[in-house]
Amino acid sequence: MGSFPAASDIRSRAIVLVPARLRASRLPGKPLLPIAGEPMVVRVWRRAVEADVGPVVVACAEEAIKAAVEAAGGEAVLTDPDLPSGTDRIDAALRAVDPEGRFGRVVNLQGDLPTLDPGAVRAVLEALDALGTDMATLAAPIADPDERGRPSVVKAVVAWRDDRLGRALYFTRAAAPWGDGPLFHHVGIYAYRRDALERFAALPPSPLERRERLEQLRALENGMTIGVGRVDRVPLGVDTPDDLARARAFCEGTGA
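Convert by adding 15 to the 1-based position in the sequence shown; the result is the number in the numbering used here.
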């Protein structure tokens with residue numbers, strides 16, 4: 016692995032881990048699908064590097080992903096392909112690349128966000144630091160009325176302390192909270208304090224997590240706190256062939 020900052024630098028730096036695996040039911044081989052001439056996971060790695068918050072390591076389940084990332088000049092670590100979730104994958108990767116516990120803050124960045132703004136990575140760490148929570152994530156106002164009731168759009172119910180930062184009260188696929196006012200689209204990027212990540216990964220799935228199929232509810236059900244940073248835009252996640260076509264059009268059209 017590449018060199019990491021000295022222990023004295025850790026409080027001002029973080030490590031970004033990008034979980035990736037080839038087994039995807041709706042879009043097989045997703046991390047290696049090309050977008051504007053390079054594999055999707057490599058584009059995400061580049062965006063994370065541009066955020067300049069610390070080293071970026073892809074936590075991959077297959078050798079093919081590792082080879083693609085390393086060919087682009089990146090770092091990757093192999094993890095057990097049978098791990099049940101991305102959180103389990105980054106926990107395993109963190110133990111492999113940093114067994115000494117030098118990094119106190121960890122970002123979990125999904126490998127299927129090729130249109131990611133690097134500022135989002137900085138924003139989730141800023142929320143973690145400013146709010147002093149166990150973990151942090153992001154949310155953006157919903158502008159499209161059709162998204163309000165769409166179960167595929169996860170809503171963050173947030174107690175905002177100002178127009179930029181707040182604490183998560185709940186996450187749901189329903190339109191919530193009820194009544195007049197904005198709804199917020201959850202952006203699935205997370206930052207953890209290291210001890211909180213280790214605690215979270217050791218917890219069993221919770222009842223609300225199973226019901227809503229939202230892993231972050233496990234943290235709330237077990238008394239962990241989640242800070243939320245407000246951002247203006249939701250990066251396009253790629254889960255289907257239509258998503259892939261939109262991501263390619265965006266990236267090829269902008270040259271980003």
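Just so it is clear, CB atoms sit at the ideal spot from N, CA and C, and this is done for glycine as well.
Can you tell me whether residue i is helix, strand or coil according to DSSP?
i, result
"threonine 94", "coil"
"arginine 208", "strand"
"leucine 259", "helix"
"glycine 119", "coil"
"valine 68", "coil"
"proline 192", "coil"
"valine 59", "helix"
"glutamate 77", "coil"
"glutamate 230", "coil"
"valine 84", "helix"
"glycine 252", "coil"
"glycine 203", "strand"
"glycine 126", "coil"
"proline 222", "helix"
"arginine 214", "helix"
"leucine 235", "helix"
"glycine 44", "coil"
"valine 246", "coil"
"leucine 109", "helix"
"glycine 101", "helix"
"glycine 268", "helix"
Check the C-beta distance from residue i over to residue j and give it rounded, since I have them as a contact under 8 Å.
i, j, result
"isoleucine 105", "alanine 138", "At roughly 19 Å, the Cβ-Cβ gap does not stay under 8 Å, so isoleucine 105 and alanine 138 are not in contact."
"valine 246", "valine 136", "About 11 Å separates the two Cβ atoms, so there is no contact after all."
"proline 250", "valine 173", "19 Å between Cβ atoms; not a contact."
"arginine 233", "glutamate 224", "5 Å"
"methionine 239", "methionine 150", "7 Å"
"asparagine 237", "leucine 218", "6 Å"
"proline 49", "cysteine 266", "In fact, because the Cβ distance is near 10 Å, the residues do not count as touching under 8 Å."
In whole angstroms, what separates the C-alpha of residue i from that of residue j?
i, j, result
"leucine 146", "threonine 152", "11 Å"
"leucine 2", "aspartate 144", "Since the first residue of the chain shown is 16 and the last is 271, residue 2 is not available in this structure."
"glycine 181", "alanine 35", "29 Å"
"isoleucine 30", "arginine 208", "11 Å"
"threonine 187", "threonine 255", "22 Å"
"alanine 111", "valine 92", "8 Å"
"proline 166", "alanine 155", "16 Å"
"valine 122", "arginine 61", "15 Å"
"alanine 107", "leucine 42", "25 Å"
"tryptophan 175", "alanine 142", "12 Å"
"leucine 131", "valine 64", "12 Å"
"aspartate 113", "leucine 47", "26 Å"
"alanine 83", "leucine 124", "18 Å"
"lysine 81", "glutamate 90", "8 Å"
"proline 20", "aspartate 178", "At proline 20, the pLDDT of 43 sits below 50, so the modelled position is not reliable; the number obtained from the coordinates is stated separately. Each residue's alpha carbon lies about 34 Å from the other."
"glutamate 77", "tryptophan 193", "44 Å"
"proline 160", "isoleucine 241", "26 Å"
"valine 71", "leucine 32", "6 Å"
"glutamate 87", "alanine 191", "Reading the sequence as shown, one finds alanine at residue 87 and not glutamate. Their backbone Cα atoms lie some 42 Å apart in a straight line."
"glutamate 227", "lysine 170", "11 Å"
"phenylalanine 199", "isoleucine 157", "5 Å"
"leucine 140", "alanine 260", "30 Å"
"glutamate 53", "glycine 252", "17 Å"
"alanine 51", "aspartate 95", "30 Å"
"lysine 45", "leucine 37", "6 Å"
"phenylalanine 118", "arginine 28", "8 Å"
"proline 99", "proline 222", "17 Å"
"threonine 102", "glycine 268", "33 Å"
"glutamate 85", "proline 197", "43 Å"
"glutamate 115", "valine 57", "27 Å"
"glycine 11", "alanine 79", "Because residue 11 is not part of the residues shown, which for the chain are 16 to 271, the question remains open."
Who are residue i's beta bridge partners in DSSP?
i, result
"isoleucine 241", "Met150"
"proline 34", "Ala74"
"isoleucine 50", "Glu53"
Item to check | Complete runs of the alpha helix (DSSP H) confined to the region 128-188 [at least 4 residues] | outcome: 133-146
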